[in-house]
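*Asks:* The working numbering runs 2 ahead of the 1-based position in the sequence shown. Ideal placement from N, C-alpha and C gives every residue a C-beta, glycine not left out. As the structure is a computational prediction, the values presented were derived from the model and not from experiment. Questions regarding the structure given below will be posed in turn.
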Amino acid sequence: AQRLGSDRMATCVYAVYDPVSHRITVANAGHPPPVLLHLGGRAEVLRVPPGAPIGVGGVDFEAVELDAPAGATLLLYTDGLVE
């Protein structure tokens, strides 16, 4: 965040997948929520607490652990897609 300068910020999603337990741990820094695409075609918007963008400072991030069934796809996208 220090490299961005005080007038800039960036968003991101950090996710770690455990292929043994089929669980995903996700934290969000001001990014649109991730979507889990299930094998049957159902799209599930994941409920991840929306932290502040990187560079804002002074804000804690909360990670959540969620089920990620085998064969599902995690979709991450930029806000430019939906704005």
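How would you label L38, buried or exposed, when you count the other beta carbons within 10 angstroms and need 16 or more for buried?
*Replies:* L38 comes out buried.
*Asks:* Is H40 buried or exposed, if buried means 16 or more other CB atoms sit within 10 Å of its CB?
*Replies:* H40 comes out exposed.
*Asks:* Bridge partners of E52, per DSSP?
*Replies:* It is Pro, not Glu, that sits at residue 52 in the sequence shown. According to DSSP, which records beta bridges pairwise, P52 is partnered with N30.
*Asks:* Check each candidate in D9, H24, V84, V18 and name the one with the smallest Cα separation from N30.
*Replies:* Closest option to N30, Cα to Cα, is V18.
*Asks:* Between E85 and Y79, what straight-line distance do the alpha-carbon atoms span, to the nearest angstrom?
*Replies:* Rounded to the nearest angstrom, the two C-alpha atoms are 12 Å apart.
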